[in-house]
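Taking this note's numbering as reference, the numbering of the sequence shown is continuous, increasing by one, and the terminal residue is 363. Heads up, the beta-carbon is just placed ideally off N, CA and C, and yes, glycines get one too. What follows is a set of notes on a single structure, which appears directly below.
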Amino acid sequence: MRVALAQLDQTAGDVDGNVDRAVEAVGDAAARGADLVVLPELFTVGYFAFDAYARTAEGLDGPTFARLADAAADHGVGLLAGSHVEDLAESAAAGAETPASEGLANTCVFYDREGRRRAVYRKHHLFGYESAETRLLTPGESLSTVDFEGFTVGMSTCYDLRFPELYRRLADRGATLVCVPSAWPYPRVEHWRTLARARAVENLTYVAAANGAATFEDATLLGRSTVYDPWGTTIASAGDEATLVVADLDPDRIDAVREEFPALRDRRDWD
93 MRVALAQLDQ TAGDVDGNVD RAVEAVGDAA ARGADLVVLP ELFTVGYFAF DAYARTAEGL
153 DGPTFARLAD AAADHGVGLL AGSHVEDLAE SAAAGAETPA SEGLANTCVF YDREGRRRAV
213 YRKHHLFGYE SAETRLLTPG ESLSTVDFEG FTVGMSTCYD LRFPELYRRL ADRGATLVCV
273 PSAWPYPRVE HWRTLARARA VENLTYVAAA NGAATFEDAT LLGRSTVYDP WGTTIASAGD
333 EATLVVADLD PDRIDAVREE FPALRDRRDW D
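Quick look at the structure:
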């Protein structure tokens, strides 16, 4: 399976313009043979544009989510559509299962090649350091995986990387590729590299970490979107400019690594 990470530039609060960039990137990725495209966290509004969260939020059937679904269908790719600020009340009113009847969430949706919504993940670990996320958003309560092109894709978001138990639970559910839409800023470059690679190594799975490439008033995203294989080897990566990162993943590689180095099988539970 060929995966493309769209490392997008973003303009704070400009949802239409940011989605335009994303749709163009999906088309470029499809032209390069991508089966699955992964977008960054809150690229729609810009993660650090906290004042714009409420006014740009919408339900899962809203126009921004619809444009992303259409992009998947128009180009015939799977799309893990980064994340957008979800209005939980609107989603609940439309019949979606939500962690609360009102409020906002940092929500990632997986669309299949026909643009059908196959999975929803709401960020579980909200970021409190120099961020308004914990004040503005409601955390998700559920894991999310989806089967696609011979892989079981696990969904996570940015700050989740610092909590390895989430990734072990995804591995226990059969995840063989974990995607991490992110908005990771300078100066924490080594944290970004180390944590994403560690999640691959400890769970013997592919990790596709898609970061943004944008400068906001108070922060600059560090880019460096990267795909790691189950041995922690870098397959493809980027610098800090807007670009596509393309990598070919082999499901047989997972079986081979886990057979040669059976750490998951050797795990023992604690009393």
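Query, Result
"Per-residue burial, Thr-133 [other beta carbons within 10 Å of its own, 16 or more giving buried]", "Note that residue 133 is Glu in the sequence shown here, rather than Thr. With 16 or more Cβ atoms within 10 Å of its Cβ, Glu-133 is classed as buried."
"Proximity of Pro-354 and Leu-131 at Cβ, strictly below 8 Å", "no"
"Residues sharing a beta bridge with Gln-99, DSSP", "Thr-335"
"Tyr-320 versus Leu-296: straight-line alpha-carbon distance, rounded", "10 Å"
"Which listed residue (Gly-105, Leu-100, Ala-114, Glu-257) has its alpha carbon closest to that of Glu-309", "Gly-105"
"Ala-288 versus Arg-359 - alpha carbon distance", "21 Å"
"Nonlocal neighbours in the same chain, by C-beta distance under 8 Å from Arg-205, ignoring five residues either side", "Ala-164, Ala-165, Gly-168, Val-169, Gly-170"
"Under 8 Å between C-beta atoms of Ala-98 and Ala-117", "yes"
"Pick from Asp-108, Ala-146, Gly-331 that is closest to Arg-227, judged by C-alpha positions", "Ala-146"
"Span separating the alpha-carbon of Thr-318 from that of Phe-157", "25 Å"
"Beta-carbon gap between Ala-334 and Leu-100 smaller than 8 Å", "yes"
"Close Cβ partners of Arg-159 (< 6 Å) along its chain, the five nearest in sequence each way excluded", "Val-111"
"Helix, strand or coil at Gly-170 according to DSSP, with G and I counted as helix", "strand"
"Cut-off 7 Å between Cβ atoms - residues of its own chain near Gly-119, not counting five sequence neighbours on either side", "His-167"
"Opposing strand residues paired with Phe-202 [DSSP bridges]", "Leu-172, Ala-211"
"Close Cβ partners of Ala-96 (< 6 Å) along its chain, the five nearest in sequence each way excluded", "Ala-121, Ala-126, Val-129, Leu-336, Val-338"
"With 16 other Cβ atoms within 10 Å as the buried cut-off, status of Gln-278", "Note on identity: in this sequence residue 278 is Tyr, with Gln being the wrong assignment. By the 10 Å Cβ count, Tyr-278 comes out exposed."
"Contiguous alpha helix (DSSP H) assignments of at least 4 residues, all confined to the segment 281-351", "281-295"
"Sufficient close CB pairs (3 or more, under 8 Å) joining the segment 227-240 to the segment 178-195", "yes"
"Cβ pair Leu-253, Arg-291 closer than 8 Å", "yes"
"Exposed unless 16 or more other CB atoms sit within 10 angstroms - verdict on Gly-109", "exposed"
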